[in-house]
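Notes follow once the structure below has been shown.
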Amino acid sequence: MTRASGATRALVAVFTASLLGLAIPAALAIQAGSSIDVIYPDPQSPERIAPITLSGTRYISTNDLARVFRATKYWRPDVRKLSLRLGDHTIRFTVDAPIVLVDEEAKNLVLPPRLVQGAVYVPESVLGGLMDWGLVTNAAWDVPSRTIRFRSQVHTVRQAQLWVRGRVTEVSATLLKTLSPRLIYATPSELRLLFEGGTLDSTRIFSGGAVLSGTIQETSDGVEIRLVLAPGAQGYSVSVSSSRLKLAVTDDHDLVQSGIFSKLEPLALGGPDHRIRTVVIDPGHGGSDPGAPLPRGGSEKEAALDLARALRTELQDRLGVRVVLTREGDTDVRLSRRAEIANESGGELFLSIHFDGEGLIRAGGFRVYALSPTPAPGAADRLPVTLGSDGGAEMHPWDSAQNQATGTSMAVGQAIADALARNFPQTSVAFRTGRLSVLESIASPAVLIECAPAPRGGPEAMSLQGYSVREIARIVAQTVQDLARGPA
1 MTRASGATRA LVAVFTASLL GLAIPAALAI QAGSSIDVIY PDPQSPERIA PITLSGTRYI
61 STNDLARVFR ATKYWRPDVR KLSLRLGDHT IRFTVDAPIV LVDEEAKNLV LPPRLVQGAV
121 YVPESVLGGL MDWGLVTNAA WDVPSRTIRF RSQVHTVRQA QLWVRGRVTE VSATLLKTLS
181 PRLIYATPSE LRLLFEGGTL DSTRIFSGGA VLSGTIQETS DGVEIRLVLA PGAQGYSVSV
241 SSSRLKLAVT DDHDLVQSGI FSKLEPLALG GPDHRIRTVV IDPGHGGSDP GAPLPRGGSE
301 KEAALDLARA LRTELQDRLG VRVVLTREGD TDVRLSRRAE IANESGGELF LSIHFDGEGL
361 IRAGGFRVYA LSPTPAPGAA DRLPVTLGSD GGAEMHPWDS AQNQATGTSM AVGQAIADAL
421 ARNFPQTSVA FRTGRLSVLE SIASPAVLIE CAPAPRGGPE AMSLQGYSVR EIARIVAQTV
481 QDLARGPA
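Quick note: the sequence shown uses the UniProt record's numbering, first residue 1, plus one each step.
Written as structure tokens, this is what we have:
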């Protein structure tokens, strides 16, 4: 009688825990996840939130989402549905269902929300969705640094406009405080400028004159201006006063010859003769580190090695270059060793290959990364050291070797992203910058390419059977060849 009652009580407890959504660690495989920093505008202090990992995937509590983004939360336990109201927008989750409603439009999260210890947790990829879907417009989610950064309500860069005056095309903006612009790169086809730490009143897109297309937008690094230039662009000039920015481009060769405008120079890729002799390809993960599981089976480490081998063949065939892989098989290679291989081999370009299996790139697609052009915290305290007297060798900290190449890396990364977008027009392609440890110690231009299989089939569902590894390798290799060849 007593034994039967004890068993009954145990069954009731388990049933009750299931109804309440209490975690059963053995079933859910719950672990602590990497923390996320939240940076608010002054004077609000920053905070740190703690996601969890469920069966290898990072999840974030909707309680944290509601607090951080000041959303109103509605929970209906009878149907296991939770809504977050963010201003005029609403996102609705259903526990254990991957489809969410964003202002009544269905979106696929790939992985479903879960009920854990009485709270609804959603895949961490929702953070990017809140910004991409327009639900949150005053913050940015920087994936590499795992930081949510809110924008200041007082925008330092305002009222950007484009003017065409004869053979000079000018982008101007009002500055509420003096900001020093940083020229990331200026080639005959594209120009990129960054106001580090600046904030912007609104993203703008413009075109005209010598500018085929241009954007001014706020990124995790500050306010960035990117101009895609018309054929025949010759020079540029940048001027900043206490209250005004003027960025001008011209196709008038005489203005460049007279020194009024600086010359637009081709990308410096390879040696002085612009010939690339050695490329290092880094297949991510390997050995005991499988990386992410892919939706149709297999692991990230296997797919990355397949793509790396295909890319090696394409580069050798097109450019006749020496190609070094950081791993040739299923082996463990530390990040520091990957950097040693790249730097010791004299690599003139470093391509790190990864695949995403957690739905961070929604609906499949590509993300291309370069190291952030803004230095890491504390980097200013570790300046290069010069050996000997004047003209001696300059020694840089190992983990800041990439800083000298970030401009070229960003140009290469953007070119690869643009080429993927042109070839796969129905697929999501994004170029991003951030603090990526695999790139920090690389002395040559370096980018990371992340491919994501689509969660379900379709005309452009990227997988080893959809977008073939060879197609991706062909596009990347063709882009490298075009960059090395320079403008026609």
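From the three backbone atoms N, C-alpha and C, an ideal C-beta is built for every residue, glycine too.
In this text the structure is predicted, and so the values were computed from the model without any measurement.
Through-space distance from residue 148 to residue 37, alpha-carbon basis: 6 Å
Determine the extent of the alpha helix (DSSP H) in which residue 481 is found, giving its start and end residues. 469 to 485
State the start and end residues of the unbroken beta strand (DSSP E) segment that holds residue 174. 168 to 175
I need the straight-line Cα distance from residue 325 to residue 405, nearest angstrom please. 21 Å
Three-state secondary structure assigned by DSSP to residue 67: helix
Along the chain, where does the beta strand (DSSP E) that runs through residue 159 open and close? 157 to 165
Quick one: what does DSSP say residue 408 is sitting in, helix, strand or coil? helix
Check the DSSP bridge columns for residue 426 and list the partner residues they point to. Residue 426 pairs with nothing; no bridge assigned.
Going along the chain, which residues of its own chain have a beta-carbon closer than 7 Å to the beta-carbon of residue 383, five neighbours each way excluded? With a pLDDT of 48 at residue 383, under the threshold of 50, the predicted position of this residue should be treated as unreliable, though the coordinate-derived value follows. There are no such residues.
Note down the Cα distance separating residue 157 from residue 243, rounded to an integer number of angstroms. 9 Å
Please classify residue 59 as buried or exposed, where buried requires at least 16 neighbouring CB atoms within 10 angstroms. buried
Quick one, which of 213, 185, 196 has its alpha-carbon nearest residue 170's? 213
Taking the continuous beta strand (DSSP E) assigned at residue 282, which residues delimit it? 278 to 283
Whole-Å CB distance - residue 130 paired with residue 136, under 8 Å assumed: 4 Å
Which one of 86, 293, 482, 77 has the shortest CA to CA distance from residue 68? 86
Bridge partners for residue 199 per DSSP, in chain order? According to DSSP, which records beta bridges pairwise, residue 199 is partnered with nothing at all.
What does the alpha-carbon distance come out to for the pair residue 83 and residue 112? 15 Å
What residue from 444, 104, 115, 151 has the CA that sits closest to residue 343's CA? 444
Would you report the Cα separation of residue 328 and residue 178, rounded to the nearest angstrom? 51 Å
What residue does the alpha helix (DSSP H) around residue 313 start on, and which one ends it? 300 to 319
Can you list, in chain order, the residues of its chain with a C-beta nearer than 6 Å to that of residue 203? Leave out the 5 residues immediately preceding and following it. 217
Element boundaries [alpha helix (DSSP H), containing residue 128]: 126 to 132
I need the straight-line Cα distance from residue 408 to residue 116, nearest angstrom please. 45 Å
Cα-Cα, which of 99, 295, 39, 161 is closest to residue 140? 39
The beta strand (DSSP E) enclosing residue 32, as first and last residue numbers: 30 to 32
Simplified DSSP state of residue 329, which is helix, strand or coil: coil
In terms of residue numbering, what span does the alpha helix (DSSP H) encompassing residue 138 cover? Careful: residue 138 lies outside any alpha helix (DSSP H) and carries neither H nor E.
Pairs of beta-carbons, one from the region 427 to 442 and one from the region 468 to 480, closer than 8 Å: are there three or more? no
Could you check how far apart the C-beta atoms of residue 447 and residue 368 are, in whole angstroms? I think they sit under 8 Å. 6 Å
Who are the near neighbours of residue 370 in its chain, counting only those whose CB is closer than 6 Å to its CB and skipping five residues on each side? 409, 410, 413, 433, 447
Supposed close pair residue 290, residue 152 - CB separation, criterion 8 Å: About 42 Å; that fails the 8 Å criterion.
Name the two residues that bound the continuous beta strand (DSSP E) containing residue 228. 222 to 229
Around the C-beta of residue 99, are 16 or more other C-beta atoms found within 10 angstroms, so that it is buried, or is it exposed? exposed
For residue 37, the three-state DSSP class (helix, strand or coil): strand
How far does the beta strand (DSSP E) with residue 148 in it reach, from first residue to last? 147 to 150
Can you tell which of 93, 190, 119, 294 has its C-alpha closest to the C-alpha of residue 57? 294
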